[in-house]
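Novice: First residue of the sequence shown: 7, per the numbering used here; consecutive thereafter.
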Amino acid sequence: MNKTPYGNSHQFSAERGHRGSLAVRTRSFSEFSDNIPKKPWTFICSYSSWVVSYLIKPLKSGQFLKISLKVILIQQLFVAAEASSLANASGLFELFPEHNPNQWSLFEQMELNWGGWLNAGVTYNTNQPNDRFNGTLGFSDRSDELQLNQFYHFLERHASGEPERWSIGGRLDFIFGSDAYYTRSMGDPGKHWDAHLVNQGIYGIAFPQAYLEIFAPVGRGLRVKVGEFYTLIGYESVMAPENFFYSHSYAMQFGEPFSHTGILASYAINDSLGLKVGAVTGSPYAGWDGTFVHKLENWGLIGSINWAFLETGTSVDFSGSHGYLSDTPSQDVNLFSTVVKQKIDDRWQLTVQHDYGWHGKSHENPGAEWYGFLTYLTYDLSKETILGLRLEWFRDDDGIRVGTPARHPTVPSQAANYYAVSLGANWKPWPWLNLRPSIRYDHSDGWQAFDNGAKSSQYIISSDVIVNF
7 MNKTPYGNSH
17 QFSAERGHRG
27 SLAVRTRSFS
37 EFSDNIPKKP
47 WTFICSYSSW
57 VVSYLIKPLK
67 SGQFLKISLK
77 VILIQQLFVA
87 AEASSLANAS
97 GLFELFPEHN
107 PNQWSLFEQM
117 ELNWGGWLNA
127 GVTYNTNQPN
137 DRFNGTLGFS
147 DRSDELQLNQ
157 FYHFLERHAS
167 GEPERWSIGG
177 RLDFIFGSDA
187 YYTRSMGDPG
197 KHWDAHLVNQ
207 GIYGIAFPQA
217 YLEIFAPVGR
227 GLRVKVGEFY
237 TLIGYESVMA
247 PENFFYSHSY
257 AMQFGEPFSH
267 TGILASYAIN
277 DSLGLKVGAV
287 TGSPYAGWDG
297 TFVHKLENWG
307 LIGSINWAFL
317 ETGTSVDFSG
327 SHGYLSDTPS
337 QDVNLFSTVV
347 KQKIDDRWQL
357 TVQHDYGWHG
367 KSHENPGAEW
377 YGFLTYLTYD
387 LSKETILGLR
397 LEWFRDDDGI
407 RVGTPARHPT
417 VPSQAANYYA
427 VSLGANWKPW
437 PWLNLRPSIR
447 YDHSDGWQAF
457 DNGAKSSQYI
467 ISSDVIVNF
């Protein structure tokens, strides 16, 4: 995953596409709004049809016809679904059980589960950057451009966890989209095995998780993962459905690992206290974002302690990592993260995170540090709608963590404080559908980190959709 300490070695160009002409006439928004269907699921399908017809205007007539036929087919499938099914289904597979792979006899016999989601969004940047990159923002990093961020699939088998019984499970994750570049395990930039399966530019593929899980009937039950797995550090996640906002924090993008390769053991001491400890490798950077094909001699440690107080609605998670740079073995890399969650009442929830990371000093390098605070405050406005506020201060004390553009830094970074304020909402008319509009303001006080090094701040307006399978 693309969190190398000194930027990214990938280089590519992204030019504005030329819009051609199209003989097929597309509908204006006024025409569309005058004919809004009364049924909400039909409305969403019709709206999607209008958006698609607008976005594909530069296509040739034959291409337009093919896409239009696919959109019409999807519309008819949704119209065929009963309203009660839409409200009760957790994903699209449940809406159409005759096409649900989890009901195949092979899957049921092997206790396999196939799931995933589609995540797509669009961002407007008031700076209107010439390179169309949103400065320090990763993931939702393109301006004035519809992004298919994650077409995500996973196949898993849960280790049962039944007392007195050994069990084996595992999981394999696959992603296609513009986020694949960030979600790929990349301890050495560009050298991970899935970086070269296809010719990858803005869009690509990745396999961010691939592990076996063993449950051993020891005490309350010991779980052990072996392979590539997402990090246990921090609050935000690579996986879109686990995040409130479309964009990500500086702490997640620049201050923490995305994943690890190695061994991770988990044990619940009681209902309130859990421990995790692991040995990780495959990376020149202290076991961060490693893989299983190189740098296997460079090992690091990760771990966490989690307390959950059900009576007060409080949870506290301490996590961290320790390891060394493979190129300068005498220089250690350390990170500690604390995440506190507090359920204030039935509607309000507060989350506060603090990270502190540093490189130790060596003969070759003077050392460096980064740290910050991240705060989430959410309010359940209704069963379907949640409002959210995110505040962040991130300090890159030596100018080695944050780069711009985030996808492939080209502007020399400097020491700076980064401030970000995000305000948004999650609207879930059904359990399998989530719409996430938001507005965000970023500011850097140390250098001009936005608009390709031309400005010190930016406003971002964005919206995305998540459809669970």
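Every residue gets a Cβ at the ideal spot worked out from N, C-alpha and C, and that includes glycine. Just so it is clear, the structure is predicted and the values come from calculations on it, not from any experiment.
Is there contact between the region 242–259 and the region 300–308, where contact requires at least three CB pairs shorter than 8 angstroms?
Specialist: In short, these stretches do not touch, since the Cβ pair count stays below three.
Novice: To the nearest angstrom, how far is the alpha carbon of Phe221 from that of Trp123?
Specialist: Position 215 of the sequence shown, counted from the first residue, corresponds to residue 221. Position 117 of the sequence shown, counted from the first residue, corresponds to residue 123. For Phe221 and Trp123, the distance between alpha carbons rounds to 27 angstroms.
Novice: Please report how far the alpha carbon of Ala165 lies from the alpha carbon of Phe113, in whole angstroms.
Specialist: The sequence position of residue 165 within the sequence shown is 159, counting from 1. The sequence position of residue 113 within the sequence shown is 107, counting from 1. Rounded to whole angstroms, Ala165 to Phe113 spans 15 angstroms at the Cα level.
Novice: Could you check if Gly207 is buried or exposed, using at least 16 other CB atoms within 10 Å of its CB as the buried criterion?
Specialist: Taking the first residue of the sequence shown as position 1, residue 207 is located at position 201. When all chains shown are included, Gly207 counts as exposed.
Novice: Starting from the Cα of Arg353, find the closest Cα among Leu228, Thr381, Gly175 and Asp386 and give me that residue.
Specialist: Sequence index remark: in the sequence shown, residue 353 carries index 347 (1-based). Comparing Cα-Cα distances from Arg353 to each of Leu228, Thr381, Gly175 and Asp386, the minimum goes to Asp386.
Novice: Do Phe260 and Leu408 count as a contact pair if the criterion is CB distance below 9 angstroms?
Specialist: Sequence index remark: in the sequence shown, residue 408 carries index 402 (1-based). Sequence index remark: in the sequence shown, residue 260 carries index 254 (1-based). Inspection of the sequence shows that residue 408 is occupied by Val rather than by Leu. For Val408 and Phe260, yes; Cβs fall inside 9 angstroms.
Novice: Short check: CB of Gly240 to CB of Ser325, under 9 angstroms?
Specialist: Against the sequence shown, residue 240 aligns to sequence position 234. Against the sequence shown, residue 325 aligns to sequence position 319. In contact: Gly240 and Ser325 (Cβ atoms closer than 9 angstroms).
Novice: Quick one, which of Leu161, Met116 and Ser444 has its alpha-carbon nearest Leu429's?
Specialist: Within the sequence shown, residue 429 is the residue found at index 423, counting from 1. When each option's Cα is compared against that of Leu429, the closest is Ser444.
Novice: Over what stretch of residues does the alpha helix (DSSP H) that includes Glu375 continue unbroken?
Specialist: Position 369 of the sequence shown, counted from the start, is the residue given in the question as residue 375. Where Glu375 is concerned, there is no enclosing alpha helix (DSSP H), although the beta strand (DSSP E) it sits in stretches over Ala374 to Asp386.
Novice: Which value, in whole angstroms, describes the spacing of the CA atoms of Ile392 and Thr384?
Specialist: Counting from 1 along the sequence shown, the entry for residue 392 is found at position 386. Counting from 1 along the sequence shown, the entry for residue 384 is found at position 378. If I take the Cα positions, the gap works out to 7 angstroms.
Novice: Just list the residues that DSSP pairs Ala126 with in beta bridges.
Specialist: Position 120 of the sequence shown holds residue 126. Paired residues: Leu154 and Val471.
Novice: Need the endpoints of the alpha helix (DSSP H) that Ser278 sits in, please.
Specialist: As a first step, residue 278 is located in the sequence shown; it is residue number 272 there, counting from the start. From DSSP, Ser278 is part of no alpha helix (DSSP H); its letter is neither H nor E.
Novice: Bridge partners for Lys231 per DSSP, in chain order?
Specialist: As a working mapping, residue 231 is identified with position 225 in the sequence shown. The partner list for Lys231 (beta bridge, DSSP) reads Glu219 and Leu270.
Novice: Are the CB atoms of Asn125 and Ala154 within a distance shorter than 9 angstroms?
Specialist: Counting from one through the sequence shown, the residue named residue 154 turns up at place 148. Counting from one through the sequence shown, the residue named residue 125 turns up at place 119. A small fix is needed here, since residue 154 is Leu in this sequence, not Ala. Yes, the pair counts as a contact, with Cβ atoms nearer than the cut-off.
Novice: Count the other CB atoms within 10 Å of the CB of Tyr188; is the residue buried (16 or more) or exposed (fewer)?
Specialist: What you label residue 188 is simply residue 182 of the sequence shown in a count that begins at 1. The residue is buried, with at least 16 neighbouring Cβ atoms inside 10 Å.
Novice: Count the other C-beta atoms from every protein chain shown that fall within 10 angstroms of the C-beta of Ser450, then say buried if there are 16 or more, exposed otherwise.
Specialist: Within the sequence shown, the letter at position 444 stands for residue 450. Looking at its Cβ environment, which holds 16 or more other Cβ atoms inside 10 Å, Ser450 is buried.
Novice: Using CA atoms only, rank isn't needed, just tell me which of Ala314, Ala412, Arg229 and Trp120 is closest to Gln348.
Specialist: Position 342 of the sequence shown, counted from the start, is the residue given in the question as residue 348. For Gln348, the nearest C-alpha among the options comes from Ala314.
Novice: For Phe298, which residues of its own chain have a beta-carbon under 6 angstroms away from its beta-carbon, when the five flanking residues on both sides are left out?
Specialist: The sequence position of residue 298 within the sequence shown is 292, counting from 1. Thr267 and Gly288, listed in sequence order.
Novice: Identify which residue in Ile350, Ser368 and Lys282 has its Cα closest to the Cα of Thr318.
Specialist: Numbered from its first residue, the sequence shown carries residue 318 at position 312. Comparing Cα-Cα distances from Thr318 to each of Ile350, Ser368 and Lys282, the minimum goes to Ile350.
Novice: In this structure, how does DSSP classify Leu320 when only helix, strand and coil are distinguished?
Specialist: The residue you call residue 320 lines up with position 314 of the sequence shown. The sequence given here has Thr at residue 320, not Leu. Reduced to three states, the DSSP call for Thr320 is strand.
Novice: Measuring alpha carbon to alpha carbon, tell me which of Ser173, Pro415 and Gln215 ends up nearest Gly144.
Specialist: Counting from one through the sequence shown, the residue named residue 144 turns up at place 138. Ranking the options by Cα distance to Gly144, first place goes to Pro415.
Novice: Look up Glu100 in the DSSP assignment and say whether it is helix, strand or coil.
Specialist: Taking the first residue of the sequence shown as position 1, residue 100 is located at position 94. The answer is helix: DSSP assigns Glu100 an H, G or I state.
Novice: With H, G and I counted as helix, E and B as strand and the rest as coil, what does DSSP make of Ser67?
Specialist: Position 61 of the sequence shown, counting from 1, holds the residue named residue 67. With a pLDDT of 45 at Ser67, under the threshold of 50, the predicted position of this residue should be treated as unreliable, and no value is reported.
Novice: Taking its Cβ as the centre, do 16 or more other Cβ atoms sit within 10 Å of Tyr465, making it buried, or is it exposed?
Specialist: By 1-based counting over the sequence shown, the position of residue 465 is 459. Looking at its Cβ environment, which holds fewer than 16 other Cβ atoms inside 10 Å, Tyr465 is exposed.
Novice: Here's a check: name, in chain order, each residue in its chain whose Cβ is nearer than 7 angstroms to the Cβ of Gly373, leaving out the five neighbours to either side.
Specialist: As a working mapping, residue 373 is identified with position 367 in the sequence shown. If we look at Gly373 and ignore the five residues flanking it on each side, its Cβ neighbours are Trp364, His365, Gly366 and Lys367.
Novice: Measuring CB to CB, does Ile181 end up less than 9 angstroms from Pro214?
Specialist: Residue mapping note: residue 181 aligns to position 175 of the sequence shown, counting from 1. Residue mapping note: residue 214 aligns to position 208 of the sequence shown, counting from 1. In this structure, Pro214 lies closer than 9 angstroms to Ile181 by Cβ.
Novice: Apart from the five residues just before and just after Lys45, which ones in its own chain have a Cβ nearer than 6 angstroms to its Cβ?
Specialist: Position 39 of the sequence shown, counted from the first residue, corresponds to residue 45. In this predicted model, Lys45 has a pLDDT of only 45, less than 50, meaning its place in the structure is not dependable; the value taken from the coordinates is given anyway. Correct list: empty, nothing qualifies.
Novice: If you compare alpha carbons, which of Ser388, Pro411, Tyr209 and Ala186 is closest to Val244?
Specialist: Stepping through the sequence shown from its first residue, residue 244 is reached at position 238. Cα-wise, what sits closest to Val244 is Ala186.
Novice: How far does the alpha helix (DSSP H) with Tyr256 in it extend, from its first residue to its last?
Specialist: To locate residue 256, count along the sequence shown from 1; it is residue 250. Tyr256 to Phe260 is the span of the alpha helix (DSSP H), which, as asked, contains Tyr256.
Novice: For Asn440 and Gly394, what's the separation of their Cα atoms in angstroms?
Specialist: One-based indexing of the sequence shown puts residue 440 at position 434. One-based indexing of the sequence shown puts residue 394 at position 388. Looking at the two C-alpha atoms, the distance is approximately 14 angstroms.
Novice: Roughly how many angstroms lie between the CA atoms of Pro411 and Phe157, to the nearest whole one?
Specialist: Here residue 411 corresponds to residue number 405 of the sequence shown, with the count starting at 1. Here residue 157 corresponds to residue number 151 of the sequence shown, with the count starting at 1. Rounded to whole angstroms, Pro411 to Phe157 spans 23 angstroms at the Cα level.
Novice: So, at 6 angstroms on beta carbons, what are the nonlocal neighbours of Glu117 in its own chain, with the 5 sequence-adjacent residues on each side left out?
Specialist: Mapped onto the sequence shown, residue 117 falls at position 111. Closer than 6 angstroms at the Cβ level, and outside the excluded window around Glu117, lie Arg163.
Novice: Can you give me the C-alpha to C-alpha distance between Tyr209 and Ile275, rounded to a whole angstrom?
Specialist: As a first step, residue 209 is located in the sequence shown; it is residue number 203 there, counting from the start. As a first step, residue 275 is located in the sequence shown; it is residue number 269 there, counting from the start. Cα to Cα, Tyr209 sits roughly 43 angstroms from Ile275.
Novice: Quick check on Ala431: does DSSP put it in helix, strand or coil?
Specialist: Numbered from 1 along the sequence shown, position 425 holds the residue referred to as residue 431. Reduced to three states, the DSSP call for Ala431 is strand.
Novice: Between which two residues does the alpha helix (DSSP H) carrying Ser111 extend?
Specialist: Working through the sequence shown from its first residue, we reach residue 111 at position 105. It spans Ser111 to Met116 - the alpha helix (DSSP H) in which Ser111 sits, taken as one unbroken run.
Novice: The alpha helix (DSSP H) with Tyr447 in it runs from where to where?
Specialist: Walking along the sequence shown from the start, residue 447 turns up at place 441. Segment Leu439 to Ser450 is the beta strand (DSSP E) holding Tyr447; no alpha helix (DSSP H) there.
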